[in-house]
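Chemist: After the structure tokens below, expect a handful of questions from me.
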Amino acid sequence: MTNFTTPVGRIVAGSLYTPNTKNAEGKPLVDKAGNPRNEFFFAVAIPKAGEAHWEDTEWGKVIWAEGVKGDQYAPNRPTFSWKVEDGDSQIPNLKGKKPCDREGYRGHWVLRFTGGYAPKLYSTVSSPQAVEIVEEGAIRPGYYVQVAAGVKFNGSSQKPGVYLNHSMVCLRAYGTPIVASGPDVASAGFGAAPLPAGASMVPTAGPMPPAAAVMPPAAAVMPPAPTLPVPPPAPAFRQVRQMTEK
Numbered sequence: 095m096t097n098f099t100t101p102v103g104r105i106v107a108g109s110l111y112t113p114n115t116k117n118a119e120g121k122p123l124v125d126k127a128g129n130p131r132n133e134f135f136f137a138v139a140i141p142k143a144g145e146a147h148w149e150d151t152e153w154g155k156v157i158w159a160e161g162v163k164g165d166q167y168a169p170n171r172p173t174f175s176w177k178v179e180d181g182d183s184q185i186p187n188l189k190g191k192k193p194c195d196r197e198g199y200r201g202h203w204v205l206r207f208t209g210g211y212a213p214k215l216y217s218t219v220s221s222p223q224a225v226e227i228v229e230e231g232a233i234r235p236g237y238y239v240q241v242a243a244g245v246k247f248n249g250s251s252q253k254p255g256v257y258l259n260h261s262m263v264c265l266r267a268y269g270t271p272i273v274a275s276g277p278d279v280a281s282a283g284f285g286a287a288p289l290p291a292g293a294s295m296v297p298t299a300g301p302m303p304p305a306a307a308v309m310p311p312a313a314a315v316m317p318p319a320p321t322l323p324v325p326p327p328a329p330a331f332r333q334v335r336q337m338t339e340k
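Residue numbers (the working numbering): 95 to 340.
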């Protein structure tokens with residue numbers, strides 16, 4: 095592997111903090127043994143400086159030499175994966191997106207970095223010396239960075255190419271954040287179709303729903319009055335005494 099450091103470029107895709115667990119086809123990422131793996135990916139756009147090909151840049155010469163060292167026919171293989179995109183290209187990728195239509199791509203060479211671990215993060219924004227960054231989310235897509243990376247031939251005969259593995263990223267300046275978005279709402283064509291009969295632009299009053307039947311409350315059931323005991327009759331001797339007194 096040959097190490098190199100990029101010029102200052104802008105992060106235009108990916109994340110330094112959140113790994114991918116699936117590939118471009120939506121299938122889980124696995125290692126050679128079939129075990130699940132993570133992949134940290136991000137892309138950095140480096141401004142073109144009049145060169146006709148990225149090979150003519152200082153960093154490009156390093157990548158080119160490593161690819162040719164691993165595969166002497168690499169320059170003539172249109173499918174050789176150099177991990178470098180022409181930001182002005184109008185050729186759609188596997189997802190149907192043209193590089194020239196993506197934010198931050200035009201006028202740049204775009205390097206695609208991957209690695210199994212998150213890169214070490216530093217900053218020179220507030221200090222001439224690189225200071226390590228520990229807070230989450232400090233470097234976002236749209237910010238300007240330099241990348242310390244390594245390039246190596248992947249050794250594949252079926253899908254030959256090179257690896258661009260990141261090791262350290264240094265924040266150099268802030269830029270307008272790039273926010274990942276879904277389909278453009280304007281492309282959906284909402285509002286163009288005519289309304290069907292009966293449709294109204296304002297809410298309309300409708301029939302009131304029938305009132306629920308109200309059942310009268312059940313009559314209260316009083317408990318039966320308790321049965322009082324019958325008092326016993328007066329003793330007979332009192333009647334005898336009255337007759338005697340007469």
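We put the beta carbon where it would ideally sit given N, CA and C, even for glycine.
Where does alanine 159 fall in DSSP's three states?
Modeler: helix
Chemist: Classify isoleucine 140: buried if its beta carbon has 16 or more other beta carbons within 10 angstroms, exposed otherwise.
Modeler: Flag for isoleucine 140 reads buried.
Chemist: Give me the Cα-Cα distance between proline 101 and glycine 120, rounded to the nearest whole angstrom.
Modeler: 32 Å
Chemist: Below 6 Å CB to CB, which residues in the same chain sit around serine 217 once its five sequence neighbours on both sides are set aside?
Modeler: Val225, Ile227, Leu265
Chemist: The beta strand (DSSP E) spanning glycine 108 covers which residue range?
Modeler: That run of the beta strand (DSSP E) goes 103-108.
Chemist: With a CB to CB cut of under 6 Å and the five nearest residues on each side skipped, what residues in its chain are close to proline 254?
Modeler: Asp165, Phe174
Chemist: Whole angstroms is fine: what's the gap from glycine 103's alpha carbon to proline 235's?
Modeler: 11 Å
Chemist: For the stretch 286-295 and the stretch 237-252, state whether three or more C-beta atom pairs, one from each stretch, are separated by less than 8 Å.
Modeler: no
Chemist: May I have the straight-line CA-CA distance separating threonine 115 from asparagine 170, to the nearest angstrom?
Modeler: Straight-line spacing of the CA atoms in threonine 115 and asparagine 170 works out to 32 Å.
Chemist: Using the C-alpha atoms, what's the distance from serine 221 back to isoleucine 105?
Modeler: Between isoleucine 105 and serine 221, the alpha-carbon positions lie close to 21 Å from each other.
Chemist: With a CB to CB cut of under 6 Å and the five nearest residues on each side skipped, what residues in its chain are close to lysine 214?
Modeler: Met262
Chemist: Beta-carbon within less than 8 Å of lysine 189's beta-carbon, same chain only, minus the 5 sequence neighbours each way: which residues are those?
Modeler: Result list for lysine 189: Ala118, in chain order.
Chemist: To the nearest angstrom, how far is the alpha carbon of valine 219 from that of aspartate 195?
Modeler: 30 Å
Chemist: Between which residues of its own chain and valine 156 is the CB-CB distance below 8 Å, once the five residues before and five after are set aside?
Modeler: Thr96, Phe98, Val245, listed in sequence order.
Chemist: Tell me, please, which residues DSSP counts as bridged to valine 204.
Modeler: Ala139, Glu179
Chemist: State the Cα-Cα distance for the pair asparagine 259 and histidine 202, rounded to the nearest angstrom.
Modeler: 20 Å
Chemist: Please report the straight-line C-alpha distance between valine 279 and alanine 299, rounded to a whole angstrom.
Modeler: Summary for valine 279: the model assigns pLDDT 46, below 50, so the residue's position carries little reliability; its value from the coordinates is reported in the next sentence. Approximately 32 Å, taken between the alpha carbons.
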